[in-house]
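Enquirer: Residue numbers (UniProt numbering): 1 to 360. Cβ atoms here follow ideal geometry from the backbone N, Cα and C, with glycine treated the same way. Being a predicted model, the structure only gives us computed values, none of them experimental. Below are the structure tokens for one structure; questions will follow.
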Ligand SMILES: NC(=O)c1ccc[n+]([C@@H]2O[C@H](COP(=O)([O-])OP(=O)(O)OC[C@H]3O[C@@H](n4cnc5c(N)ncnc54)[C@H](O)[C@@H]3O)[C@@H](O)[C@H]2O)c1
Ligand SMILES: O=C(O)C(=O)C[C@@H](O)[C@H](O)[C@H](O)COP(=O)(O)O
Ligand SMILES: [Zn+2]
């Protein structure tokens with residue numbers, strides 16, 4: 001693979017590109033509209049230095065470049081934090097031709113996208129993800145949002161970014177456990193659509209999960225391509241996009257049960273193991289495919305079980321899942337690797353049996 005940036009298109013009514021490469025953060029200004037005069041960079045303290053450097057690089061070009069430092073991780077995805085950003089935009093008189101940049105992990109890009117979607121009913125946003133998970137999933141596809149006390153991502157908007165810049169150099173400071181948590185979504189792309197990702201993980205997990213290797217770049221680009229293709233087909237989640245929720249029905253309930261202190265990817269890993277067991281019990285997923293889930297997640301050092309006694313609480317939280325219709329839960333299951341489908345109307349006893357298979 002060359003060092004030249006790779007451009008992955010998202011098509012549809014709001015088309016844009018995801019660029020993957022090294023040393024490309026500086027291209028952000030090219031992605032913004034020429035009329036932009038003011039820019040707000042939303043970031044967490046963990047990437048504070050990157051935010052300062054980005055601000056310095058943009059300062060000559062724009063009238064104002066402001067920073068909004070928000071709390072780390074899921075603490076950023078709160079309405080109070082969105083209000084803090086709206087206040088900065090209001091006090092600096094940001095107009096519809098100004099812009100927001102999301103610089104950080106998926107929590108920041110979800111928040112920044114939501115702030116951009118709601119300020120004056122929509123100002124442009126460019127996403128610069130700084131985690132694996134942000135690059136392959138959160139920053140791509142225009143799902144923006146925040147959490148509420150009742151559940152994960154319950155308030156938000158579909159709002160496409162103007163561009164997504166995945167500068168792999170920004171991952172240099174990312175701890176290994178965060179890299180691996182991001183690989184839950186990479187593996188998800190493998191399970192639902194691109195088994196070559198799973199082959200690569202199985203062949204050499206150490207190289208695949210090392211951001212300096214060509215294998216890493218290949219799986220990142222493959223996972224982004226899966227997401228880009230799905231959201232190009234179904235931006236508003238009328239059908240195909242639901243497949244990206246593989247492992248998330250239980251995963252989001254676990255995040256809620258853990259008061260958002262767990263990494264999203266870790267909860268989704270357990271959720272995918274549950275979905276695989278459900279696919280075996282209520283569908284046609286083979287023992288070998290279920291075993292492949294276990295093998296891939298184990299290679300990535302991701303958990304696959306959760307305490308038995310937590311089931312009633314998880315079930316209650318899952319009732320608020322966005323995929324539910326008329327009180328009926330809908331899960332994404334696989335008939336085979338890369339053959340996802342919706343499973344609706346499944347009996348609670350079957351759900352519980354599937355959970356028992358992953359309970360510890
Ligand atoms: N909108 C979507 O389509 C979508 C898709 C998947 C996930 N998500 C959301 O994304 C969030 C999870 O994203 P995440 O896993 O990136 O978590 P995160 O945003 O919480 O980031 C993980 C941790 O890494 C730190 N960090 C970020 N970049 C760093 C860097 N370069 N160096 C050092 N530390 C760094 C962060 O400060 C944080 O502590 C969840 O809220 C999830 O719901 C959204
Ligand atoms: O982009 C999507 O669509 C997804 O489902 C991707 C998920 O990985 C992501 O975690 C998303 O935020 C979940 O969406 P939600 O609608 O279930 O909150
Ligand atoms: Zn996710």
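1) Following the continuous beta strand (DSSP E) through residue 153, name the residue where it begins and the one where it ends.
2) Checking the sheet assignment: what are the DSSP bridge partners for residue 334?
3) State the Cα-Cα distance for the pair residue 75 and residue 185, rounded to the nearest angstrom.
4) By a C-beta neighbour count over all protein chains shown, 10 Å radius and 16 as the cutoff for buried, is residue 350 buried or exposed?
5) Please report the straight-line C-alpha distance between residue 137 and residue 18, rounded to a whole angstrom.
6) Does DSSP put residue 7 in a helix, a strand or coil?
7) Would residue 146 count as contacting chain B if we go by Cβ distances under 8 Å?
8) With DSSP as the reference, label residue 109 as helix, strand or coil.
9) State the start and end residues of the unbroken beta strand (DSSP E) segment that holds residue 38.
10) Does the Cβ of residue 264 lie closer than 7 Å to at least one heavy atom of ligand 3?
11) Spell out the partners DSSP gives residue 347 in its beta bridges.
12) Within 10 angstroms of its Cβ, does residue 115 collect 16 or more other Cβ (buried), or is it exposed?
13) What are the boundary residues of the beta strand (DSSP E) that includes residue 65?
14) Within the chosen definition, does the segment 298–317 reach the segment 163–183 through at least 3 CB pairs nearer than 8 Å?
15) So within the UniProt domain "3-dehydroquinate synthase C-terminal" (182–324), which uninterrupted alpha helix (DSSP H) runs reach at least 4 residues, ignoring any that extend past its ends?
16) The beta strand (DSSP E) with residue 58 in it runs from where to where?
17) Tell whether a beta-carbon distance below 8 Å holds between residue 165 and residue 78.
18) I'd like to know if the segment 351–358 and the segment 265–279 are in contact, where contact means that at least 3 CB-CB pairs between them fall below 8 Å.
19) With a threshold of 8 Å, are at least 3 pairs of Cβ atoms found where one atom belongs to the segment 22–42 and the other to the segment 59–70?
20) Could you tell me how far apart the beta carbons of residue 270 and residue 306 are, in whole angstroms, since I believe they sit closer than 8 Å?
21) Can you give me the C-alpha to C-alpha distance between residue 6 and residue 313, rounded to a whole angstrom?
22) Identify the continuous alpha helix (DSSP H) that holds residue 24 and give its terminal residues.
23) Please classify residue 141 as buried or exposed, where buried requires at least 16 other C-beta atoms within 10 Å of its C-beta.
24) Under three-state DSSP, which class holds residue 172?
25) Determine the burial state of residue 1: buried for a count of at least 16 other Cβ atoms within 10 Å of its Cβ, exposed for fewer.
26) Does residue 329 come out as helix, strand or coil in the three-state DSSP assignment?
27) In whole angstroms, give me the CA-to-CA distance for residue 127 and residue 203.
28) Can you look up residue 32 in the DSSP assignment and give me helix, strand or coil?
29) For the alpha helix (DSSP H) containing residue 79, list its first residue and its last residue.
30) Helix, strand or coil, according to DSSP, for residue 137 in the structure here?
31) Between the C-alpha atoms of residue 209 and residue 322, what's the straight-line distance to the nearest angstrom?
Expert: On the basis of the supplied data:
1) 151–158
2) 340
3) 21 Å
4) exposed
5) 11 Å
6) strand
7) Protein chain content of the structure displayed is limited to a single chain, and chain B is not contained in it.
8) helix
9) 38–43
10) yes
11) Its beta-bridge partners do not exist; DSSP assigns none.
12) buried
13) 64–69
14) yes
15) 195–203, 205–208, 214–233, 248–257, 264–282, 287–299 and 311–318
16) No beta strand (DSSP E) holds residue 58; the alpha helix (DSSP H) holding it covers 48–58.
17) no
18) yes
19) yes
20) 5 Å
21) 44 Å
22) Here residue 24 belongs to no alpha helix (DSSP H), and DSSP marks it neither H nor E.
23) buried
24) helix
25) Low per-residue confidence applies at residue 1: pLDDT is 46, beneath 50, and the placement is therefore not dependable enough to give any value.
26) coil
27) 32 Å
28) coil
29) 79–91
30) helix
31) 31 Å
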